[in-house]
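Notes follow once the structure below has been shown.
In the numbering used here, the protein residues as written are 84 to 217.
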């Protein structure tokens, strides 16, 4: 028979849901409920501290992100890992900091994906080997 209350659940492993619920709410609180960044950011996008200093009263994660990017360019993936947050949360946070001028994109990678380059090379090699194939 399943437990009928939180008190009964606490007896199973000592702590009813509290730690799980807290970790589920935190990313939502960091992004203000938003799930999409305003800027198109890839995992490898490099970011640097911008010309504007961040305003006071930023969330600790935003302050940490700004501090990380002050010394050297950091990727979105590195920021997410350091903050121990999902990548999408880091993208929303970074996008907000770009909006206010606290972060800038250090280098824009405009080259095609390495996977796409490999596919183009493969296609060219196949056309050389079998020129009559469509």
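Using N, Cα and C, we set each Cβ at its ideal position, and we do this for glycine too. Computed from a predicted structure; not experimentally measured.
Item	Value
What residues in its chain sit with their C-beta under 8 Å from that of residue 118, if we drop five residues either side in the sequence?	171, 175
I believe residue 149 touches residue 135 by the beta-carbon criterion, under 8 Å. Please report the beta-carbon distance rounded to the nearest angstrom.	Between residue 135 and residue 149 the Cβ distance is about 10 Å, and since that is not below 8 Å, they are no contact.
Quick check: what's the CA-CA separation for residue 83 versus residue 201?	Given that the chain is displayed from residue 84 to residue 217, the structure contains no residue 83 and the question cannot be resolved.
Where does residue 131 fall in DSSP's three states?	strand
Rounded to the nearest angstrom, how far is the Cβ of residue 189 from that of residue 129, given a contact under 8 Å?	4 Å
By the DSSP assignment, the alpha helix (DSSP H) with residue 179 in it spans what residues?	170-182
Determine the direct distance from the alpha carbon of residue 154 to that of residue 168, and round the result to whole angstroms.	21 Å
Where does residue 154 fall in DSSP's three states?	helix
Using a Cβ-Cβ cut-off of 8 Å (strictly less than) and excluding sequence neighbours within five positions of residue 212, which residues of its own chain qualify?	none
Going by the DSSP bridge assignment, what does residue 188 pair with across the sheet?	130
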